[in-house]
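Report on the structure given below.
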Amino acid sequence: MVFGFRPTPLMANGDISLISTGGEVTRAPHGTGKLILMPMMREMATRWVSGPLTDGRNGVLFRADDKAFWDALPQATDIRLEFERGTPITLTLGPMDKAVAGVRTCADSLLRHWGVDPSAMVGGHAETPFVAKWFNNNDYPAEARRQGKQGRVHAVATFDRTGAVIECRVVASSGVAALDNKTCDLVRLRGRVPAAGAGEADVRFLYMPVRWAI
1 MVFGFRPTPL
11 MANGDISLIS
21 TGGEVTRAPH
31 GTGKLILMPM
41 MREMATRWVS
51 GPLTDGRNGV
61 LFRADDKAFW
71 DALPQATDIR
81 LEFERGTPIT
91 LTLGPMDKAV
101 AGVRTCADSL
111 LRHWGVDPSA
121 MVGGHAETPF
131 VAKWFNNNDY
141 PAEARRQGKQ
151 GRVHAVATFD
161 RTGAVIECRV
171 VASSGVAALD
181 NKTCDLVRLR
191 GRVPAAGAGE
201 ADVRFLYMPV
211 RWAI
């Protein structure tokens with residue numbers, strides 16, 4: 001088994017990967033489960049997806065969207081991965097502090113590649129709950145819905161000191177133009193963040209992974 005991370009600009013919204021060099025980890029294509037850090041027994045509910053990789057191995061991606069989980073990971077000695085059905089897997093971890101720091105460095109590099117200053121992020125590297133209020137089911141583009149199109153749009157918006165949106169742009173396409181365009185249209189229409197405090201940048205950035213699903 002190979003244990004690793006898939007970096008994301010939101011450290012409270014990352015992926016933990018498990019790759020098997022021999023046989024399937026699980027037969028199901030997706031499901032729910034738990035990630036448990038030991039010895040502190042910090043538990044986190046998760047969703048996961050599995051499937052074959054391009055090199056013939058099989059992998060599972062676990063969603064890790066709890067900041068406290070990432071903060072506790074460097075102190076863990078083992079991690080237990082539980083599926084709603086199937087045999088749990090317990091892995092012994094080596095020193096994790098440098099690995100977690102490396103993931104964060106990689107995430108910052110990705111942000112800079114997109115023209116984002118990591119030190120001027122709204123909410124830092126945590127997920128911002130108010131973004132969900134900018135989107136609802138009635139916003140789904142009609143043509144995309146008729147065609148059964150789904151996807152995840154990765155967008156970056158900029159805001160002034162008052163919290164008003166300046167601009168929005170797609171940095172990684174969903175592959176569906178209607179979903180890409182609608183994402184930034186809604187951000188420009190409804191986007192608003194708390195005003196900047198003392199010492200904060202005049203222009204701030206917000207990274208948003210927006211999932212469109214029917």
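Numbered by our numbering, the letters in the sequence shown go through residues 1 to 214 in order.
Even glycine gets a Cβ: it sits at the ideal position worked out from N, Cα and C.
Cα atoms of residue 166 and residue 187: separation of roughly 10 Å, rounded to the nearest angstrom. Here the region 52–64 lies against the region 26–39, with 3 or more beta-carbon pairs under 8 Å apart. In the DSSP secondary-structure assignment, residue 135 is not bridged to any residue.
Taking C-beta separations shorter than 7 Å and ignoring five residues to either side along the sequence, the partners of residue 155 in its chain run 168, 169, 170, 171, 183, 184, 187, 208, 210, following chain order.
For residue 109, no beta strand (DSSP E) encloses it; the enclosing alpha helix (DSSP H) starts and ends at 97–113.
Distance between residue 89 and residue 37, taken at the CA atoms: about 12 Å. Taken atom to atom, the span from the alpha-carbon of residue 32 to that of residue 123 is near 28 Å. Looking from the CA of residue 86, the closest CA among 34, 140, 42, 114 belongs to 34. When 10, 50, 150 are compared, the shortest CA-CA separation from residue 64 is found for 10.
Ranked by how close their Cα comes to the Cα of residue 54, the residues 19, 41, 74 have 19 in first place.
Collapsing the DSSP output to three states places residue 29 in coil.
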